[in-house]
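One structure below.
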Amino acid sequence: MKKIWTLEELYRDFQIEYIPHTFPAVYEEGVALYREGYPFLDPDYFRAYNQKYDVFHKYTDIIIEAGQLLAKNDQLLFFVCILSRAVLRFGVYDIVCDLTLPSTQDPAWKLAYDFAPLYALLPSIERTVERMKARNIPQQVIHDTLSAYEGSISTVEHRFGYPGYTGTKFSWMQLTVNNQILSIGRLQYELQDSFTGRICAFRNKEGEIRILAENLTAHPTGMGARYHGLPQTDDAFHCQVTETNSCYEGYPVNSDGYIIRQKISLPKDTWEKFLSPGDPVVSIHIPRGSSFAAQEIEASLTEAKRIFRECYPDFGYKAMFCHSWLMDPQLTDLIKPDSNIAAFRKNFVFYPYEESDADDVFVFVFSRRYDNLADLPEDTSLMRNLKKHYLDGGYIYVTGGILK
């Protein structure tokens with residue numbers, strides 16, 4: 446008879462302090478699945494499942510190899526069975542908010558641990574497809590969205606030198622599991638119930654967009670007061686939008702994405718507010734890809750608007766936006782004016798956050814963080830310019846942009 450662990454025993458043996466709050470609710474389901482046998486460990490079952498949904502190609506063999514190793518580690522498999530039930534029961538933030546994945550220092554078991562998160566995700570593929578088909582999502586979009594399951598393995602290999610799943614990638618894939626993200630052409634689109642940007646956006650009849658900072662403390666530079674690396678100041682100012690019968694008043698964000706310390710008024714008979722904090726929105730993500738050509742971006746944006754209009758009529762999003770280092774106003778001086786990045790940025794109206802880190806360029810441009818900035822590679826003009834910018838004491842921040 447297979448050994449059954451309590452959650453306390455399981456997490457004690459894994460040397461992880463906290464049991465995820467979702468696990469007690471699915472514990473019995475996980476135990477039942479473990480006793481029945483986890484079907485995805487059978488190579489024939491996995492191949493048939495993969496053939497049906499056409500998800501894995503490059504990494505099929507190593508996934509199967511990891512599954513064969515996982516089948517020999519009862520305790521890790523027990524964890525996978527419970528986690529797989531949580532994946533199907535709970536939303537992304539419920540699962541990842543207090544989840545720590547088990548790890549090992551034993552190289553003999555490394556492959557099983559590296560792919561354990563993926564094995565917990567495999568049962569979700571069937572339901573993910575069913576939900577997308579129920580909304581009449583185009584087959585190509587379904588196929589491209591499912592490619593994220595294997596794309597996450599590729600990203601881990603690109604950044605760390607070995608294939609597998611990290612906790613970050615497992616968390617990211619919960620968006621796919623819960624049908625909160627679609628891959629449409631070159632870009633990905635995430636449905637978010639609540640906009641977290643601290644701005645209000647307004648549009649006039651000519652289509653011009655103006656932004657007022659809302660409930661945000663600004664640095665005298667016009668950035669958020671808590672941007673990484675900014676000098677401390679006693680001269681920060683608080684931004685709040687006020688509304689009267691005739692106008693909206695507040696601190697504006699200029700065309701470069703900086704807050705101006707001089708209030709303006711936007712008459713209601715000229716300007717209509719279309720976005721506030723808490724509104725439903727669509728977040729645009731830029732996955733790794735071979736091309737960033739303007740025509741591909743335009744085609745993706747056009748198709749995305751059609752899909753959300755026809756397939757998600759119940760999701761009345763107020764705007765599309767991008768939260769990325771690509772939105773940092775400083776990039777204007779670091780990129781070629783005729784580059785694809787410059788063309789992409791022209792689609793957006795920039796705005797700051799109250800706080801922002803400066804690490805994303807190391808992940809998305811240089812693939813990893815370097816202890817010595819002088820060691821940053823200079824393979825492209827962008828890399829060279831970013832390297833010089835950081836060596837000169839600058840930072841590139843994650844900021845925002847509203848799609849025009």
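According to the working numbering, the residues represented by the sequence shown are 446 to 849, in order. Backbone N, C-alpha and C fix where the C-beta goes; we use that ideal spot for every residue, glycine too. If you're wondering where the values come from, they're calculated on a predicted model, not measured in any experiment.
Can you pull the DSSP bridge partners for Cys542? Its beta-bridge partners do not exist; DSSP assigns none.
I want to know whether the segment 596-609 touches the segment 499-516 - three or more CB-CB distances under 8 Å. yes
Please go through the segment 658-741 and give each complete beta strand (DSSP E) segment of 3 or more residues, from N-terminal end onward. 661-663, 682-684, 692-695, 709-712, 717-720, 726-730
Counting only the same chain and skipping the five closest in sequence on each side, list residues whose C-beta sits under 7 Å from that of Tyr490. Pro484
Collapsed DSSP secondary structure at Ile587 in the structure displayed: helix
To the nearest angstrom, how far is it from the Cα of Tyr494 to the Cα of Ser826? 44 Å
If you follow the beta strand (DSSP E) that Ser628 is part of, which residue opens it and which one closes it? 626-629
Residue from His466, Ser769, Ala565 whose Cα sits closest to the Cα of Leu515: Ala565
In its own chain, which residues sit with a C-beta less than 8 Å from the C-beta of Val537, not counting the 5 before and 5 after it? Ser616, Gln619, Leu620, Val622, Asn623, Gln625
Mark Gly512 as exposed unless 16 or more other C-beta atoms lie within 10 angstroms of its C-beta, in which case mark it buried. buried
Cutting at 7 Å between CB atoms, please list the residues of its own chain near Phe535, excluding the five before and the five after it. Thr467
Less than 8 Å separating the Cβ of Gln740 from some heavy atom of the ligand ATP? Looking for the ligand ATP in the displayed structure turns up nothing, as the structure carries no ligands at all.
Work out the CA separation of Ile780 and Lys750 for me, nearest whole Å. 28 Å
Between the segment 573-581 and the segment 652-661, do three or more beta carbon pairs fall short of 8 Å? no
Just the Cα atoms here: how many angstroms apart are Gly606 and Arg813? 11 Å
If you reduce the DSSP assignment to three classes, tell me which class Glu800 lands in. strand
Where Ser745 sits in the DSSP three-state scheme: helix
Three or more beta-carbon pairs under 8 Å between the segment 676-691 and the segment 764-776, yes or no? no
Tell me, please, which residues DSSP counts as bridged to Ala646. Ile656, Leu720
Sequence ranges, alpha helix (DSSP H) only - wholly within the segment 586-619, length at least 4: 593-605
List, from N- to C-terminal side, the beta strand (DSSP E) runs of 3 residues or more that fit wholly inside the segment 754-829. 765-769, 793-796
By how many angstroms is the C-alpha of Pro465 removed from the C-alpha of Asp543? 5 Å
Tell me the DSSP bridge mates of Leu632? Ile629
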